[in-house]
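Numbering that gives the first Met the number 0 numbers the first residue of the sequence shown as 0 and each following residue consecutively.
Every residue gets a Cβ at the ideal spot worked out from N, C-alpha and C, and that includes glycine.
All figures in this text were calculated on a predicted structure; none of them were measured in a lab.
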Amino acid sequence: MLTLFGTNVLMAAEAATAAATDEKPGVGLGPLYYVLLFFVLCLVVAVVGKIFRIYDLTQQIQGKKALNWNNIMGIGFLLFLILGLIGAYWEFTVQGAMILPEAASIHGVKTDEMFFITFGITVVVFVVTQILLFGFVFKYKHNAARKAYYYPHNNTIEKIWTIAPAIVLTVLVVFGFFTWQSITNSVNTKGDLNIEVTGHQFAWEIRYPGKDQVLGKSNFKLVSGANKVGVNFKDKNSFDDITADTIVIPVRKTIRLNIHAQDVIHSVYMPHFRVQLNAVPGLPTFFKFTPTITTKEMQTKLDDPKFQYLLYCNKICGGGHYNMQKIVRVVTEAEYQQWISQQKPYLSDQLKKDLKFAETNEPKKESENSRLALNN
Ligand SMILES: [Cu+2]
């Protein structure tokens, strides 16, 4: 314990120095501090218990009235209830304030609604059951003057507490099922912006369709240093495809994310839009959503000029997992058009060179077929 405490004091001192020199907020209390605090609390409870016990024994030796342990335990339960409820309220207000800002997509609003309805129902049940549980323990603690009422079974109560939760859960599940259906049962409509997101250890590759609005076909067998997502240039639709470092999307336009993975399972996660879908090797998936709040509008709403929407990988996919992050910028249609006109074509000079190389050396390259045979 002393070692733990010492380490924490050192950490706090270091953080204080850093804060003084860099003016950066220092991290004073590490997790070890709280572990230590927990053990100290346990120790305090044990010591107080022992003191009571010694007092009790002394009273008995002196022939005085012994302590009423049932009362002490009853009050303990009541304290636990009160402190627990205060703790729950604290969690709700302090940690609750750290939740995501309002959903920035159409379906996200529905997801949030469902979340808050479920949360509301469970909170009410939680508070009522905890009060009943600990309140009953306190009220009906052992009392020598009172005889327990024998009440072994009641079919009506059994029926109520089986049927009521069953109905509530069924409503929640059916509600969830239809919401999920409405989010995912999206037909492809003309005018959707198709964007391809390919995950690999440890980065995301982004491809936009060119003027034709159609992404060219791709095949993992064609992946090479220059052709990172294995675009098939036999498909004419791929000629005008565009590669980008950031994801930029126009507000209030339906986006269809075409999701691929090249090595292990990754997961496309954009919490502000309430979007998450796994990227599975060999199994292309897609997710459609419509952003409703531009990055600038969100910065104003949150009063945070540095705010950015982000795309994360939400599967622990290896050592560099933390690195799989991309900024997502939601802009107006005009800003989007301006941005896309400045992006590089996917068919880079290097790629053109590579492909030509395959064309001229075709007969020798039989063995390296898949990668270089695309110009056959
Ligand atoms: Cu990943």
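Query: Simplified DSSP assignment, three categories, for Ser-104; Result: strand
Query: Phe-201 beta carbon near ligand 1 (any heavy atom closer than 8 Å); Result: yes
Query: Residue-chain proximity (Ile-116, chain C), Cβ-Cβ < 9 Å; Result: Checking the listed chains, one finds no chain C in this structure; it contains a single protein chain.
Query: Tyr-54 classed as buried or exposed, judged by whether at least 16 other C-beta atoms fall within 10 angstroms; Result: exposed
Query: Contact belief for Ile-246 with Pro-344 at Cβ below 8 Å, rounded distance in angstroms; Result: About 18 Å separates the two Cβ atoms, so there is no contact after all.
Query: 6 Å CB neighbourhood of Gln-307 in its chain, flanking five on each side removed; Result: Ile-326
Query: Close-in-space but distant-in-sequence residues of the same chain around Glu-204 (CB under 6 Å, 5 per side omitted); Result: Thr-197, Lys-227, Val-228
Query: DSSP state of Gly-25 mapped onto helix, strand, coil; Result: With a pLDDT of 47 at Gly-25, under the threshold of 50, the predicted position of this residue should be treated as unreliable, and no value is reported.
Query: Other residues of its chain near Val-126: CB distance less than 6 Å, five sequence neighbours each side excluded; Result: none
Query: Uninterrupted alpha helix (DSSP H) stretches inside the stretch 89-137 (no shorter than 4 residues); Result: none
Query: Three-way DSSP call (helix, strand, coil) for Gln-336 in this model; Result: helix
Query: Span of the alpha helix (DSSP H) around Asn-154; Result: 154-183
Query: Cβ-based burial, Pro-24 [other Cβ within 10 Å; buried from 16]; Result: Low per-residue confidence applies at Pro-24: pLDDT is 49, beneath 50, and the placement is therefore not dependable, though the value from the model is reported in the following sentence. So Pro-24 counts as exposed.
Query: Backbone CA spacing between Leu-66 and Phe-114 [nearest angstrom]; Result: 49 Å
Query: Three-state class that DSSP yields for Pro-151 in the structure shown; Result: coil
Query: Local Cβ density within 10 Å of Ile-182, reported as buried at 16 or more and exposed below that; Result: buried
Query: CA-to-CA distance, Val-167 to Lys-377, given in whole angstroms; Result: The structure shown has nothing for residue 377, since the chain only spans 0 to 375.
Query: 8 Å contact criterion, which Met-297 and Ala-103 should meet: CB distance rounded; Result: 6 Å
Query: DSSP-derived helix/strand/coil call for Val-46; Result: helix
Query: Gly-318: CB within 8 Å of a non-hydrogen atom of ligand 1; Result: no
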